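J.: Residues 4 to 380 (our numbering) make up the sequence shown, in order.
I am attaching a structure below and will ask some questions about it afterwards.
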Amino acid sequence: MSIDFNQIPSPCYVIDETLLRNNLDLIKKVKEAAPIHILVALKAFSNWGIFPIFKEYGFGASASSLNEARLAFEELGVKAHIYAPVYEEKKIADILKYSSHISFNSLSQFRKYAEAFSQQGVSIGLRVNPEFSDTAFDIYNPCKPGSRFGITVEQLGNELPEEVEGFHFHTLFEADSFALERLLAVFLNRFGKFLPRLKWVNMGGGHLITRTGYDIDHLIRILADFKDKHGVQVILEPGSAFTYNTGYLVSTVLDIVENSGIKTAILDVSFTCHMPDCLEMPYKPVILGATDEQAGKPTYRMGGISCLAGDFMGNWSFEKELKPGDRIIFDDMIHYTTVKTTMFNGVSHPSIGLWTENSGFKLIKEFNYQDYKNRLS
Ligand SMILES: Cc1ncc(COP(=O)(O)O)c(C=O)c1O
Numbered sequence: 004m005s006i007d008f009n010q011i012p013s014p015c016y017v018i019d020e021t022l023l024r025n026n027l028d029l030i031k032k033v034k035e036a037a038p039i040h041i042l043v044a045l046k047a048f049s050n051w052g053i054f055p056i057f058k059e060y061g062f063g064a065s066a067s068s069l070n071e072a073r074l075a076f077e078e079l080g081v082k083a084h085i086y087a088p089v090y091e092e093k094k095i096a097d098i099l100k101y102s103s104h105i106s107f108n109s110l111s112q113f114r115k116y117a118e119a120f121s122q123q124g125v126s127i128g129l130r131v132n133p134e135f136s137d138t139a140f141d142i143y144n145p146c147k148p149g150s151r152f153g154i155t156v157e158q159l160g161n162e163l164p165e166e167v168e169g170f171h172f173h174t175l176f177e178a179d180s181f182a183l184e185r186l187l188a189v190f191l192n193r194f195g196k197f198l199p200r201l202k203w204v205n206m207g208g209g210h211l212i213t214r215t216g217y218d219i220d221h222l223i224r225i226l227a228d229f230k231d232k233h234g235v236q237v238i239l240e241p242g243s244a245f246t247y248n249t250g251y252l253v254s255t256v257l258d259i260v261e262n263s264g265i266k267t268a269i270l271d272v273s274f275t276c277h278m279p280d281c282l283e284m285p286y287k288p289v290i291l292g293a294t295d296e297q298a299g300k301p302t303y304r305m306g307g308i309s310c311l312a313g314d315f316m317g318n319w320s321f322e323k324e325l326k327p328g329d330r331i332i333f334d335d336m337i338h339y340t341t342v343k344t345t346m347f348n349g350v351s352h353p354s355i356g357l358w359t360e361n362s363g364f365k366l367i368k369e370f371n372y373q374d375y376k377n378r379l380s
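So, in structure tokens, the structure goes:
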């Protein structure tokens, strides 16, 4: 049953269960065929109302904070592989409770905390910086000179501290398997000499396995090959790939205004509050049933409900003039979108819902005044 957007209250993020399960099936196939360990990176998607679906697939979890580790424990039923650029002393006791693996970003952090973790049986890793990344976007490149992420091969020296059981690196962004292959060549060249000492290598995220055209067989080959050659457990922790193209932000036109010949449809959602990557990255999202600007067709900017002057994007063309009450459906608004929303201006936070093949729309969460009020005092 295809989604009937008119059944869905506006504004609302809607996850399509069928699309989500397609992604989960594909990622599970990689996990089993290589075979490797795959973790869901909670930083990309933490809507735990949907976690019962994830639980059916047996993935682990990767956390970038104590809160994410605790959520993984409580709602996915697994201890997390945690990595954060730095750990705060006041949180260590709880991080210990909720983590099976921890990666340290620097040797000083390792020296400070390794003993406590190792005594509790938490597997210890170091985040290494291979000083290589293919990504064209500086904001997503953790290997630029001056980066705060990871230990370089020079800093590591020749001796690996005894407690270290694994290496963790993350340098890719929305990448294919060939980017991973290039990265592995550089990683092995720099850090390969330490592999005989290690139990695991966590190759981070940025593997957009579920993008159309991703060469799954090539990925499985290089992972299986790496594992066999080096005798280590291979771990991937993609975030985006799990919820890539699995849902929408449903919104409604509330008004149409015009200035200097530019028509803006003012919506019940906001780019800055509800689709922040559009402004931050930036990128122009797809709207169902609309196209990029086409001469002769009704063309509009989409304007956000907040007071930020820059809370708009342009321009889309539609088959018909827009009017108040029309639905505007933004595509692919799940990964890194729902986790990054704000309540700036006190604007209403979109609800969260699930569209299922058999029962249609199911409301998972609504936000109200108390959610807004409780956040800041
Ligand atoms: C350490 C680490 N692991 C995993 C991820 C997930 O990456 P992605 O969502 O691009 O797959 C990130 C993203 O920033 C990350 O920093």
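We put the CB at the ideal spot given by N, CA and C, even for glycine.
None of the values given here were measured: they were computed from a predicted structure.
Count the other CB atoms, across all protein chains shown, that sit within 10 Å of the CB of PHE333; report buried if there are 16 or more and exposed otherwise.
T.: buried
J.: With H, G and I counted as helix, E and B as strand and the rest as coil, what does DSSP make of LEU366?
T.: Residue state, collapsed to three classes: strand.
J.: Is GLY208 a contact residue of ligand 1, with contact defined as CB to any heavy atom under 6 Å?
T.: yes
J.: Could you tell me if the beta carbon of SER136 falls within a distance shorter than 6 Å of some heavy atom in ligand 1?
T.: No, Cβ of SER136 sits at least 6 Å from all heavy atoms of ligand 1.
J.: What are the complete beta strand (DSSP E) segments, minimum 3 residues, inside the segment 281-311?
T.: 302-306
J.: Taking 6 Å as the cut-off, does the CB of GLU78 come closer than this to any heavy atom belonging to ligand 1?
T.: no
J.: Can you name the residues that DSSP bridges to HIS40?
T.: ILE238
J.: Here's a check: name, in chain order, each residue in its chain whose Cβ is nearer than 8 Å to the Cβ of LYS202, leaving out the five neighbours to either side.
T.: Hits under 8 Å: SER126, GLU168, GLY169, VAL235, GLN236.
J.: Enumerate, from N- to C-terminal direction, the unbroken beta strand (DSSP E) stretches of 3 or more residues contained entirely within the segment 93-158.
T.: Listed in chain order, the complete beta strand (DSSP E) runs (minimum 3 residues) inside the segment 93-158 are 102-107, 126-130.
J.: Going by DSSP, name the residue or residues bridged to HIS84.
T.: SER65, HIS104
J.: Considering Cα atoms alone, identify which of LYS94, ALA66, ILE95 is closest to ILE85.
T.: ALA66
J.: Note down, in chain order, each residue of its chain lying with its Cβ closer than 7 Å to the Cβ of LEU311, except the 5 sequence neighbours on either side.
T.: THR275
J.: May I have a chain-ordered list of the alpha helix (DSSP H) segments no shorter than 4 residues that lie completely inside the segment 206-274?
T.: 219-233, 243-246
J.: In whole angstroms, give me the CA-to-CA distance for ASP284 and ASP295.
T.: Note that residue 284 is Met in the sequence shown here, rather than Asp. So the two alpha carbons sit approximately 19 Å from each other.
J.: In the DSSP assignment, find the alpha helix (DSSP H) that holds TYR372 and state where it starts and stops.
T.: 372-379
J.: DSSP beta-bridge partners for MET316?
T.: MET305
J.: Should ARG130 be labelled buried (16 or more other beta-carbon atoms within 10 Å of its own) or exposed?
T.: buried
J.: Helix, strand or coil for GLU177? Go by DSSP, reduced to three states.
T.: coil
J.: Would you mind working out which of SER102, ASN108, LYS100 sits nearest ALA87, comparing C-alpha positions?
T.: ASN108
J.: Am I right that GLU240 and GLY208 are in contact with their C-beta atoms under 8 Å? What's the rounded C-beta distance?
T.: 5 Å
J.: Got a sec, what are the start and stop residues for the alpha helix (DSSP H) PHE172 sits in?
T.: Counting along the chain, PHE172 falls outside any alpha helix (DSSP H), and DSSP gives it neither H nor E.
J.: According to the Cβ coordinates, are VAL342 and SER49 closer than 7 Å?
T.: yes
J.: Can you tell me where the alpha helix (DSSP H) with ILE56 in it begins and where it stops?
T.: 54-58
J.: Starting from TYR16, follow the beta strand (DSSP E) in both directions and report where the run begins and ends.
T.: TYR16 -> beta strand (DSSP E) spans 15-19.
J.: When we look at the beta-carbon of GLY264 and count the other beta-carbons within 10 Å, is it buried (16 or more) or exposed?
T.: exposed
J.: Return the chain-ordered list of same chain residues with a C-beta closer than 7 Å to the C-beta of ALA44, the five sequence neighbours on each side being excluded.
T.: Within the same chain, Cβ atoms closer than 7 Å to the Cβ of ALA44 are found at SER65, GLY208, GLU240, PRO241, GLY242, the five residues on either side in sequence being excluded.
J.: Can you tell me where the beta strand (DSSP E) holding SER354 begins and where it ends?
T.: 354-359
J.: Does the beta carbon of ALA47 fall short of 6 Å from some heavy atom of ligand 1?
T.: yes
J.: Smallest Cα separation from GLY307: which of ASP374, ALA36, LEU257, ASP97?
T.: LEU257
J.: In whole angstroms, give me the CA-to-CA distance for PHE172 and GLU134.
T.: The straight-line gap from Cα to Cα measures roughly 10 Å.
J.: With a threshold of 16 other CB atoms inside 10 Å of the CB of GLN112, please say whether the residue is buried or exposed.
T.: In summary, GLN112 is buried, with 16 or more beta-carbon neighbours lying within 10 Å of its beta-carbon over all protein chains present.
J.: Please determine, among LYS368, GLU59, ASN248, LYS31, the residue with the shortest C-alpha to C-alpha distance to ILE223.
T.: Checked all of LYS368, GLU59, ASN248, LYS31; the closest Cα to ILE223 is LYS31.
J.: Within a Cβ cutoff of 7 Å, which residues of the same chain sit near LYS94, ignoring the five residues on either side of it in sequence?
T.: LEU69
J.: Got a sec? Which residues, its chain only, sit under 6 Å from HIS233 by beta carbon, not counting five neighbours each side?
T.: Only LEU198 meet the Cβ criterion.
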